[in-house]
Structure formats: C-alpha cells, structure tokens
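Working notes, beginning with the structure itself.
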Amino acid sequence: MTREGGGTVPVAGEESAAVAEVFRAYETLVARADRAFARVAGEYGALVRCRAGCDDCCHAVFGLFLIESVSLAYHVRSLEGKQKEAAAENARRFDSGLAAVLAGHQAGAGGALGRARARCPLLGDDRRCLVYAGRPLTCRVYGIPTAIGGRGHVCGRSGVAKGGSYPTFNLDAANRELHRLSGRLLAAIGREGLDDRVLYAVSRSLTLSPAELLMPGVPGGRRGPAV
Numbered sequence: 020m021t022r023e024g025g026g027t028v029p030v031a032g033e034e035s036a037a038v039a040e041v042f043r044a045y046e047t048l049v050a051r052a053d054r055a056f057a058r059v060a061g062e063y064g065a066l067v068r069c070r071a072g073c074d075d076c077c078h079a080v081f082g083l084f085l086i087e088s089v090s091l092a093y094h095v096r097s098l099e100g101k102q103k104e105a106a107a108e109n110a111r112r113f114d115s116g117l118a119a120v121l122a123g124h125q126a127g128a129g130g131a132l133g134r135a136r137a138r139c140p141l142l143g144d145d146r147r148c149l150v151y152a153g154r155p156l157t158c159r160v161y162g163i164p165t166a167i168g169g170r171g172h173v174c175g176r177s178g179v180a181k182g183g184s185y186p187t188f189n190l191d192a193a194n195r196e197l198h199r200l201s202g203r204l205l206a207a208i209g210r211e212g213l214d215d216r217v218l219y220a221v222s223r224s225l226t227l228s229p230a231e232l233l234m235p236g237v238p239g240g241r242r243g244p245a246v
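Counting in the numbering used here, the sequence shown runs from 20 upward without gaps.
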C-alpha cells in the first residue's frame with residue numbers, strides 16, 4: 020500500500036486495493052484538517068500562535084482510533100538510532116503516567132482524563148515532533164477553534180477570545196470518520212469481529228508494528244465513547 024512519501028504500510032502481511040483505498044480516504048481527511056488549519060491561520064494569523072517549539076498540544080492526552088494508530092506506527096518506523104531508543108524509553112514513561120491517570124478516571128475522579136497532561140513520547144528534546152509529517156489529526160488542528168461534544172475548545176496559548184465568532188473545525192465529525200475508516204480497515208483485512216471503537220495510546224504505535232496493531236487482543240487499548 021503506497022503512502023505519502025513513497026513508503027508502504029504492510030498490513031497483516033499483505034496489501035490489497037481495499038486497504039489502500041481506506042488509507043487514501045484517511046489521507047484525504049488529514050488533508051482536510053490541514054486546509055482548515057491553514058484557512059484559520061490565514062484569516063486570523065495573529066490569534067493562531069502555533070510555531071516550531073510550541074509544544075502545549077504535545078502534552079494533551081487523547082486516544083487514537085485504529086486507522087491513526089496504524090498510520091502513526093508506519094511513520095515511527097523511520098526513526099533510527101538514538102531517536103528510536105529515546106522514543107521507546109519515553110513510551111515506557113508515558114505508559115506509567117497514563118496508567119495512573121486512567122486509574123483515577125475509573126475511580127471516579129471527575130474530569131481526570133480531560134485534564135490529564137503527559138509528554139508525548141514522540142516529542143523530541145528540541146520540542147519538535149519526531150514524526151511531524153505523520154502526526155495524528157488532533158495534533159493538526161489543536162491551535163485553532165474546534166468543536167467537541169457540541170462545545171467550543173481552543174488552545175490556551177492562542178489569542179482567540181471567548182465568545183468570539185471564528186471558523187471552527189468539527190472534531191466530532193472527524194472522529195466519526197476515523198471510526199468509520201477503522202471499521203473499513205478491519206473489514207478490508209477480514210477482521211470485522213474486532214472492536215473498531217477501541218482507542219489506542221500514542222505509545223502503542225511505538226511499541227507495536229502496523230501489522231501487530233491489527234491482531235486480536237492488542238494491549239493498551241480502551242473502548243472509546245459512542246461516535
């Protein structure tokens with residue numbers, strides 16, 4: 020399956036036209052998010068303060084649908100040497116911290132998950148993403164107004180004023196599409212019985228290959244909300 024940059028994602032040991040079509044649809048969704056960011060940044064440049072080295076979004080905790088987790092695992096494969104070793108160690112620390120957050124969430128600590136902060140294992144020492152070209156969709160729109168659960172959200176470092184009217188990226192709709200594409204991916208490889216609503220931590224894409232993520236019983240996932 021050909022990907023952006025001329026690479027190939029091996030999926031369960033085989034490639035198929037159906038799988039390639041699913042990932043093309045995913046890349047179309049990602050491109051739509053990039054265009055939305057560019058449009059808002061172009062119209063409200065002074066308010067969108069994202070820049071190289073600004074890493075607030077790299078400490079937000081969120082899960083990835085299967086389609087994104089597999090795509091990210093592909094990009095992680097490009098890491099070598101010390102970068103790869105550092106990312107693997109970061110993933111172990113991330114998992115330890117995330118386990119504590121999830122324990123608090125399950126114990127009823129209201130809003131614990133939404134308020135959680137943890138350094139992304141793919142954030143380099145220079146405060147730049149190690150796989151920027153392959154970053155998840157949420158990372159791509161973090162600095163502009165988004166709609167989640169019918170409510171507006173924006174990065175605390177932006178200049179967007181509360182109560183103002185701005186173009187808003189609908190993350191709920193994007194998540195529904197990611198969920199749908201995850202289901203299509205499982206169908207394309209004959210694994211419709213797996214749960215397409217499972218969300219994976221970013222760290223799973225560092226510790227598992229794309230093919231391993233598509234196997235039954237992958238550890239480190241949790242079922243996401245209804246989409």
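The C-beta atom is built at its ideal place from N, Cα and C for all residues, glycine as well.
Please state whether the Cβ-Cβ distance between residue 180 and residue 38 is less than 7 Å. Going by C-beta atoms, residue 180 is not nearer than 7 Å to residue 38.
Notebook entry, point to check: Just reading off the beta strand (DSSP E) that residue 172 is part of, what are its end residues?
Noted result: 170-172 is the extent of the beta strand (DSSP E) around residue 172.
Is the beta carbon of residue 222 closer than 7 Å to that of residue 114? Yes, Cβ-Cβ distance for residue 114 and residue 222 is below 7 Å.
Would the beta-carbon of residue 110 fall within 7 Å of that of residue 140? Yes.
* residue 148 bridges to which residues according to DSSP? -> Looking at the DSSP output, residue 148 shares a beta bridge with 142.
_Helix, strand or coil, according to DSSP, for residue 45 in the structure here?_
Looking at residue 45 - three-state DSSP - the assignment turns out to be helix.
Item to complete: Report the option in 163, 142, 232 whose CA atom is closest to the CA atom of residue 107.
Response: Considering only alpha carbons, the answer is 142.
| Is DSSP giving residue 218 helix, strand or coil here? | Residue 218 falls in the strand class under three-state DSSP.
Q) With respect to the beta strand (DSSP E) encompassing residue 166, which residues constitute its N-terminal and C-terminal limits? A) Counting along the chain, the beta strand (DSSP E) containing residue 166 begins and ends at 165-167.
*Which full runs of the alpha helix (DSSP H) of 4+ residues lie inside the stretch 183-219, going along the chain?*
With a minimum length of 4 residues, the continuous alpha helix (DSSP H) runs that stay inside the stretch 183-219 are 190-207.
- Residue from 50, 57, 68 with nearest C-alpha to residue 177: Distance check between residue 177 and each of 50, 57, 68 places 68 closest, using alpha-carbon atoms only.
Would you grab the beta carbon distance between residue 185 and residue 59 for me? Rounded to a whole angstrom, and I think it's under 8 Å. Between residue 59 and residue 185 the Cβ distance is about 7 Å, and since that is below 8 Å, they are a contact.
Query - Other residues of its chain near residue 203: CB distance less than 7 Å, five sequence neighbours each side excluded - result: Contacts found: 41.
Identify whether residue 227 lies in helix, strand or coil by the three-state DSSP scheme. Correct three-state label for residue 227: coil.
Let me know the secondary structure DSSP gives residue 85 once reduced to three states.
Helix at residue 85.
Among 84, 162, 44, 73, which has the Cα closest to the Cα of residue 233? Nearest option by C-alpha distance: 84.
| task | Mind checking which residues open and close the alpha helix (DSSP H) that includes residue 158? | result | Per DSSP, residue 158 belongs to the alpha helix (DSSP H) from 156-160.
>> Residues in the same chain with beta-carbon distance under 6 Å from residue 45, minus the five sequence neighbours each way, listed in chain order, please.
In response: Contacts found: 86, 200.
Whole-angstrom distance between residue 72 and residue 151, CA atom to CA atom:
Rounded to the nearest angstrom, the two C-alpha atoms are 12 Å apart.
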